[in-house]
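Protein chains in written order, with the numbering used here: chain A, 1 to 425; chain B, 1001 to 1175; chain C, 2001 to 2166; chain D, 3001 to 3418.
Right, here's the structure in full:
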């Protein structure tokens, strides 16, 4: 009987033949922590090992993205706890406040290959499944365990297969498909499962789109979304992470006769711009249905939609609107990494955004954390490309619509929730 | 087995209670688990005073997908520190589940609980009797009964050791 | 008016950041809460133990730095009866008058007074009397600020001058 | 007998001749507030006057923590927006790319004009003296009273005349001059006084350099600090004046000063102010090699395009050894830096470039220090706990010294890398 991708990955990592439902211990390729969760890992590790040595300093990385640069003493202290620990342990992969969102930084620095088992104190670690890695968010205890002996337990999950065909209409993009999917399957529609994505729409998609797709698997309670790199994405990854990537793609791809728990097919032709309305990701409507809703702030960024392609899509909408946004909203763009910020500068985007009144920040998790750029006061309504709109998430008593970068910018232009097709004529 | 039978008041929550509602983003910089307790459910509409009013021994009762969202272990610590002996839910979000197991913190999967909550078969303030060993749950206020499944397999061994770190230590000692 | 209180003594150039830290300027809005962190980074003893009626005695340029009025409010709310210094920074001086917190410039008295002793200030006689029996005269407030103090600070004074009652 | 700048400006506003020591009540031309407009509005409401005296004389510029990093800041900003709406205040700089640090915006937008009287609820309001204005910081209650009454009292200050001549040596700049002056006359050396900068070297200086000088007037206790309103000023304000009530006013040749000082730029060397007071002067040789953990290029003192150019020249093609935070003074400065390629230089060097605002300067935002950490900063204060933690250390220096130090991870002499 054939194996799915996650089964092959777990077999490689555990050295065992596995079946769905088995609990196995996997070797960890990279165990990471951020400025959030990281200090808890360090303090717990030092306590339980009495300041012992980590299993392998080369397989540990730290990223600072939640509150970079630190805006409060406690945050500054936490970051220092990590820096000091890294120094003491000889951990050199420390991506400090000048780098950007962790997973993206790891990717850009060639630390992620298909089939890698990667841990992080971030529930959206699994966006690295966009290049076929089994990355997963865990709590600090899991991280500490991995630092002690380099392994961690996993249940081999069922795999859901999703095939996506068709082409997006102008003004519609991968994020809209995701929002549609969250609405369709619900907040627990991928409960504990691995998800493999196939189909022409996926094969043609950019790395940015694959990141969006896999990051949002979390919002359907999935374990990881997996796409084996191909085409330009594969070329990009080989350049960053080396030729071993090519072997992994061959050996770890799913067997043709693999068994899936579900086999879903979608066609994005005719899909409309979608929005997750307040106050849940699965409260989904078309933007048309919700259009005209009052808004106070627009935010484009986050690990789900903060890459160059996302910002370029927003730029296209702004350009179509003659580089004018509404006076009644505050609009904030946060690139995901320093590399993305540079790309935006080189493309001349930042200049045009600023001319229009948009604020462009340094790369961080920004709004997502509610302790950084753009916390909403009670009663305010935001439009955002982040991945969660739980009540009060970005400020007590505030509400958020989750949308694509294009819909976000269209809303900034009009000052109310707006379908980007109204601008991209 | 008397020690497995617990009595306490129910605090009832909906489906999809996310980690921001259990323990908000705003307090992520906290590193001391003891201090985390005071922020429990601060952002949950109508349950803002949970941390002040819940008594050790009270139960958290919820529908499907409890703990969805962030990987923050704070959301487990805070309830554990408040003395909530077990969380009863129809199902738990993946990372929340791991975090609970890794801390030796009991969770029971209770079939039909989501609908029972919606139908008012278990309400805020009801007196519950929970047998952690057998999974039998009685609502003493209205006589309704439920059955919860405790964890099995590897998770059970980890729980029995008191958490992941203790489990690993015990394994290392065996070798 | 007479006040009598225990002395907290400090040196020259005590700035507004150590009287009321910048990080609190938007997080602490309640006056009573401001009082709780007064002088936190300069003298934790003060923060813990200062009592209503106590008097601050300081060197030159007390309150230099920011315009933040909370650096006055936190002491007034704490119940500090008066500040005697060799000199006050300009904005701090104005803020004290505006909040109605009595301040006295008297370099001689500052040199003569020790930390922890009890001193008496007699505003009617414009005199500071130390525990050791020394007496220091200080100049009365200029006429135009006396009105401010008498009205209990700038806001009540403005209301009065605009003919607004309560 | 001649008159000082302060005597002339305040006399003009009062409508009669005044001399140092007199108390006058005058009407300010502009009242500037930043994020603290919210608490001031609350105090204002307590007075019981329904409307502010002149809405278009109030200027609100959000800069202390933007976009809002916490619930408290977000609510604070919202209260300001509501007050602006209610009172019809036209000059409001919200969280958009039209904004920036309040003092920079006041100068860029044509509020800072020669001969105007400007009050601000921020101690560095004295910056606008670079444009020949009489500007000074006041507290919150006083600002609320000024909104209600349109009036403020001043004691006409004595004046301190500082004459500056000569030329800067390589690696030395206006920041080194002002740190030297404050080190010499100490934190209370100009208490209550009006500081006038005179001399050929001031005429040579850019407005950016003059702003650095006047900005730090408060650090020696001054009520205001001012430079002559010369051609450079008139050119800078042409077409952007927010009022036509301005007039170029300058001290008489035979004015009487309480104190006079003279500096020769050629004698200055790069320097720092050591923790924890601004007057704790040390020449670069005394502190070279001191380990630092963070470098901050920003604040109302030194984050203009001229400052960024000086730093970028040093950082070009190199990589910083410590975390380095660059915060341009306004979005206009940011855009110019983008056009000139400076931001790319900073990004390539590994710096963080944040959105314009006050940043870590007063412990509210981007770049708070942990205990035991030291920061070299272009800002204006190094008080204990200023950047948020009482056990951290701040060294104040020029943009060039900060850039040179960022490269080495320790305090370094910019002359060695230029």
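Virtual Cβ for every residue (Gly too), placed ideally from N, Cα, C.
- Within the region 131 to 160 of chain A, the residues whose Cβ lies closer than 7 Å to some Cβ of chain B are 137, 138, 139, 140, 141, 142, 144, 145, 148, 149, 153, listed in chain order.
- Cβ contact annotation for residue 166 of chain A (same chain, cutoff 7 Å, sequence separation greater than five): 201, 267, 268, 269, in chain order.
- Within 7 Å of the CB of residue 406 of chain A, no CB atom of chain D is found; the nearest one sits about 20 Å away.
- Residue nearest to residue 3185 of chain D within the set D/3269, D/3172, D/3281 is D/3281 (criterion: CA-CA distance).
- Unbroken alpha helix (DSSP H) stretches of 4 residues or longer found wholly inside the region 3327 to 3414 of chain D: 3331 to 3339, 3342 to 3348, 3399 to 3408, given in chain order.
- Around residue 82 of chain A, the same chain offers 33, 35, 38, 39, 42, 62, 64, 94 as residues with beta carbons nearer than 8 Å, after the five sequence neighbours per side are excluded.
- The Cβ of residue 2154 of chain C sits closer than 8 Å to at least one Cβ of chain D.
- Restricting attention to alpha helix (DSSP H) runs no shorter than 4 residues, the region 370 to 421 of chain A encloses them at 405 to 414, ordered along the chain.
- Counting along the chain, the unbroken alpha helix (DSSP H) around residue 245 of chain A starts and ends at 244 to 252.
- Listed along chain A are 37, 40, 139, 140, 141, each with a C-beta nearer than 8 Å to that of residue 1073 of chain B.
- One finds nothing in chain D with a Cβ atom closer than 9 Å to the Cβ of residue 2063 of chain C; even the nearest lies about 10 Å away.
- The beta strand (DSSP E) runs of length 3 or more contained entirely in the region 3216 to 3272 of chain D are, from start to end of the chain, 3224 to 3226, 3259 to 3264.
- Taking a beta-carbon distance threshold of 8 Å, residue 2162 of chain C counts as an interface residue toward chain D.
- Residue 3304 of chain D sits in coil when the DSSP states are folded into three classes, being neither helix nor strand.
- DSSP places residue 160 of chain A within a strand segment (E or B) once states are collapsed to three.
- Residue 1096 of chain B carries a helical assignment under DSSP once its states are collapsed to helix, strand and coil.
- With 16 or more other Cβ atoms inside 10 Å of its own Cβ, residue 3196 of chain D counts as buried.
- In summary, the residues of the region 3360 to 3383 of chain D whose CB is separated from some CB of chain A by less than 9 Å are 3360, 3363, 3364, 3365, 3366, 3367, 3368, 3369, 3370, 3371, 3372, 3373, in the order they occur in the chain.
- A contact between stretches requires three or more CB pairs, one per stretch, nearer than 8 Å, and the region 1132 to 1141 of chain B fails this requirement with the region 1152 to 1169 of chain B.
- Going by beta carbons, residue 233 of chain A and residue 340 of chain A fall outside the 8 Å limit.
- Note on residue 2144 of chain C: under 16 other CB atoms within 10 angstroms of its CB, so exposed under the neighbour-count rule.
- With respect to chain A, the C-beta atom of residue 1016 of chain B has a partner C-beta closer than 8 Å.
- Residues of the region 3044 to 3075 of chain D with a C-beta less than 8 Å from any C-beta of chain C: 3046, 3047, 3048, 3049, 3064, 3065, 3070, 3072, 3073, listed in chain order.
- Across the set C/2072, C/2122, C/2039, the C-alpha of C/2072 shows the shortest separation from the C-alpha of residue 3140 of chain D.
- Closest by C-alpha distance to residue 3389 of chain D, out of C/2020, C/2008, C/2006, C/2003, is C/2020.
- By the criterion of at least three beta-carbon pairs nearer than 8 Å, the region 3109 to 3122 of chain D is in contact with the region 3230 to 3249 of chain D.
- Assignment of residue 99 of chain A by DSSP, reduced to helix, strand and coil, places it in the coil class.
- Contact note: residue 3021 of chain D does not reach chain C at a C-beta cutoff of 8 Å; the least C-beta distance is about 10 Å.
- For the region 354 to 381 of chain A, the set of residues with a beta-carbon nearer than 7 Å to any beta-carbon of chain B comprises 369, 370, 371, in chain order.
- Contacts with chain A at 8 Å (Cβ-Cβ) include residue 1093 of chain B.
- Spatial neighbours of residue 106 of chain A in its own chain (CB-CB distance under 6 Å, excluding positions within 5 residues in sequence) are listed in chain order as 112.
- Per DSSP, residue 299 of chain A is one residue of the beta strand (DSSP E) stretching across 297 to 300.
- Burial state of residue 3418 of chain D is exposed, judged by a 10 Å Cβ sphere holding fewer than 16 other Cβ atoms.
- Against chain C, a Cβ distance below 8 Å from residue 3039 of chain D picks out 2029.
- Chain order gives the chain B residues near residue 23 of chain A as 1153, 1154, 1155, where near means a beta carbon separation below 9 Å.
- The C-beta of residue 295 of chain A comes no closer than 8 Å to any C-beta of chain D.
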